[in-house]
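Numbering (this note's numbering), first residue to last: 11 to 162.
Quick notes on the structure that follows.
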Amino acid sequence: VINSEFSFEAGNQQLAIAQGPGRVFIRIPRQYMESPVEFVAAVMEVGIDRPHQQARVVVNPKSQTVVVTGEVEISPVVISHKNLTVGVGNPAEGGLPGGFVPITGEQGQQSTQRLQQLVEALNQLRVPTEDVISIIRELHRSGKLHAEYDEH
């Protein structure tokens, strides 16, 4: 993106060379040698789209750690675990019995929801981490978790 944005200034040369994830080496063109700050400011204004991270959930029950990357989504589902019942994405017509905690998107839409929303709601209810891990594990087993899943 940077090379195409500054192709006139660069002539035939590449100005930007990727050095790794999130790291780019940039050569300052001759016309900006007297005012490199101006060139750096122009480069900083170039819109660079970061690639979407792959949706992934990594769970470690021993350390009670859950790592969620990317936009992990879950399909509409009702979860009943111990004394808690949670409905995600407005899954049931006519409501659920007592203890129901709805987690829905804008205007009650019945689309996929983010796992992050469910985890935040469970944390607000002070659900122990081991139970959150069990719920995520069962979401994966049921096919409602749309992400790569790794448990170790």
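Cβ coordinates follow ideal geometry from the N, Cα and C atoms, glycine included.
Since the model is a prediction, treat every value here as computed from it, not as a measurement.
Looking at residue j and residue i, is the spacing between their C-beta atoms short of 8 Å?
i: Ala65; j: Glu158; result: yes
i: Ile145; j: His91; result: yes
i: Gln29; j: Asn13; result: no
i: Phe35; j: Tyr42; result: no
i: Ile84; j: Gln123; result: yes
Assuming residue i is part of the beta strand (DSSP E), what are its boundary residues?
i: Ile36; result: Arg33 to Ile36
i: Gln29; result: Ala26 to Gly30
i: Val82; result: Segment: none, Val82 is in no beta strand (DSSP E) and carries neither H nor E.
DSSP on residue i, reduced to helix/strand/coil?
i: His150; result: helix
i: Gly109; result: A caution first: Gly109 carries a pLDDT of 46, below 50, which makes its placement in the model unreliable, though a value can still be read off. Reduced to three states, the DSSP call for Gly109 is coil.
i: Asn70; result: strand
i: Leu125; result: helix
i: Ser17; result: helix
i: Val56; result: coil
i: Ala157; result: coil
i: Gln134; result: helix
i: His162; result: coil
i: Gln64; result: coil
i: Gly118; result: Note that Gly118 has pLDDT 47, beneath the 50 cutoff, so the model's placement of it is unreliable and the number below is only indicative. If DSSP states are grouped into helix, strand and coil, Gly118 belongs with the helices.
i: Val87; result: strand
i: Val47; result: helix
i: Ser11; result: First, the residue type needs correcting, since residue 11 is Val and not Ser in the sequence shown. Looking at Val11 - three-state DSSP - the assignment turns out to be coil, as it is neither helix nor strand.
For residue i and residue j, which I take to be in contact (beta-carbon distance under 8 Å), what is that distance rounded to the nearest angstrom?
i: Leu94; j: Leu125; result: Not quite, the Cβ-Cβ distance comes to about 16 Å (not below 8 Å), so this is no contact.
i: Pro11; j: Val56; result: Residue 11 is actually Val in this sequence, not Pro. Confirmed, about 6 Å.
i: Thr170; j: Gln63; result: There is simply no residue 170 to check, as the chain begins at 11 and stops at 162 in what is shown.
i: Val98; j: Val82; result: About 12 Å; that fails the 8 Å criterion.
i: Ala78; j: Ile143; result: Correcting the residue identity first, residue 78 is Val in this sequence and not Ala. About 12 Å; that fails the 8 Å criterion.
i: Pro39; j: Phe16; result: 7 Å
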